[in-house]
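Just below is one structure, and these are the notes that go with it.
Residue numbers (the working numbering): 1075 to 1624.
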């Protein structure tokens, strides 16, 4: 400090810490000048300077007003800020107290850029304080207040805030810590929120610092996997990573690492879950049709199971599926524990877009809130179709996967979850285990089958062959004749769908046969037989439904 005379600086001194406020032009600094917030950046202290001070050194620079703030302490920096704020003869401006505490909490844990972000955020948050009372809040009081604040935030209610700046800064970190506490968040029952409220909540938590502060100063847990992203985390990563974190609550370490790739904070993307204000969803098939067909496909998997998937399975979607246009290029199913399934949607680059627990019985677990309502039916149908093909067709659906014989026993095939109302589904004595390995991506269906499916879908789409909601008159009649007539009508609809490699229409629907150049495909036509020979029937059903949206 010898370069600057004592008269040209302001000092705030406590028993074990001192804050130097110095104007870089060498002129005398006044209290009025530091009362006005500036544009702060974190400055890494010179190692020689730190040794000379024989203690901890924190340095912030106001680049707008050319003022240097240097905190030197023989105790931890956060305690030093508390000490100075409570005992200095002249009170610190509220903005400076909050900025210093925020920087001190992050100092040595993250990058100077993140420390700068935190200091500026605290400065802005303190902008409405003119003065503050002398009594700081006790840590126990702040912990209780943080729990109430997070609960109020999730309920859309106002939060109580302390008016003492260091206490407020500590509260913001406590709130952020709770936002990454899986048991606390699970108790708030996110599944009770609709997706619009969930999106609003994420935005509010980003603006309040309730999400992004904690990962900058401490490791977090993604499911059961530890992620130390303190030096890689940025505010921009929050809208993508925190919803994925929510979806992975309850996942084991291996499941979490299998679902999230790369295992790191991901940058913003234009993929499925990113919906800017005013966004207009693309045309999608009827939601009830998707749900009914997904359940029908799942029942087929149970009835004709030959394989019990074990491991991590990643299927590349054909380019002509609308899911690819939404940014979803691959589906990943993770089956590492009996009775539990996790699903992940991946981009073309292999980055996770969303991850969540999934069941092939229609139960939308809380992780499913990551997916927009308009897209959920298609996503669930796609996962059901992939699951059916894995369980029934095995390597024919995912060429290159390995198999081994298993004992005759019931293998759980649905994801159990503490909040799931329905019981797990079980496969009836599969003969083989289907082995999947992380990092191995497979084409969905053999090339010849995909070509058949493309031709079938093209003919369906060209002349609007499609499933249609329909109630047969015979359904309203109870006599045996009506039941027999209804059976024949449903069999006829199933036969029409089968001509194009599609499953029978689910209850409440019929299948309207497509015309091809003014002609129908007749029974016995070779094209009908090749469609029937397709083993990846889940993929065929998915492609057919997505191509018949009207």
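Ideal Cβ positions, reconstructed from N, Cα and C, are used throughout, including at glycine. As the structure is a prediction and not an experimental result, all values here were calculated from the model.
Item                                                                                                                      : Value
Test item: CB-CB of residue 1430 and residue 1439 under 8 Å                                                               : yes
Between the CA atoms of residue 1459 and residue 1609 - distance to the nearest angstrom                                  : 12 Å
Nearest neighbour of residue 1240, chosen from 1174, 1275 and 1281 [CA to CA]                                             : 1174
Spatial distance of residue 1487 from residue 1117 (CA atoms)                                                             : Its pLDDT being 41, under 50, residue 1487 is placed unreliably in this model, and the value from its coordinates should be taken loosely. Approximately 55 Å, taken between the alpha carbons.
Which residues DSSP lists as bridging residue 1130, in chain order                                                        : 1147
Residues that DSSP places opposite residue 1087 in a beta bridge                                                          : 1092
Burial state of residue 1368, where buried means 16 or more other Cβ atoms lie within 10 Å                                : buried
Buried/exposed call for residue 1455, threshold 16 Cβ in 10 Å                                                             : buried
Beta-carbon proximity list for residue 1099, same chain, < 8 Å, skipping 5 on both sides                                  : 1140
Cβ separation of residue 1386 and residue 1406, assumed to be a contact under 8 Å, to the nearest whole Å                 : 7 Å
Proximity below 8 Å, CB of residue 1284 to CB of residue 1253                                                             : yes
Nonlocal neighbours in the same chain, by C-beta distance under 7 Å from residue 1312, ignoring five residues either side : 1280, 1285 and 1286
Option nearest residue 1612 by Cα separation, candidates 1579, 1528 and 1375                                              : 1375
Cβ-based burial, residue 1097 [other Cβ within 10 Å; buried from 16]                                                      : buried
Simplified DSSP state of residue 1614, which is helix, strand or coil                                                     : helix
Neighbour-count burial assignment, residue 1212, 16 or more Cβ in a 10 Å radius                                           : exposed
Reduced DSSP category for residue 1507 - H, G, I as helix; E, B as strand; rest coil                                      : strand
At least 3 beta-carbon pairs within less than 8 Å: the region 1295-1315 vs the region 1175-1191                           : yes
In DSSP terms, what residue 1554 is bridged to                                                                            : Answer is none; residue 1554 lacks a bridge partner.
For residue 1408, the residue or residues it bridges with in DSSP                                                         : 1386 and 1416
Run of the alpha helix (DSSP H) containing residue 1108, from where it starts to where it stops                           : 1105-1108
Status (buried if at least 16 other CB within 10 Å, exposed otherwise) for residue 1427                                   : buried
Cβ neighbour criterion (16 or more within 10 Å) applied to residue 1315                                                   : buried
Helix, strand or coil at residue 1214 [DSSP, three-state]                                                                 : helix
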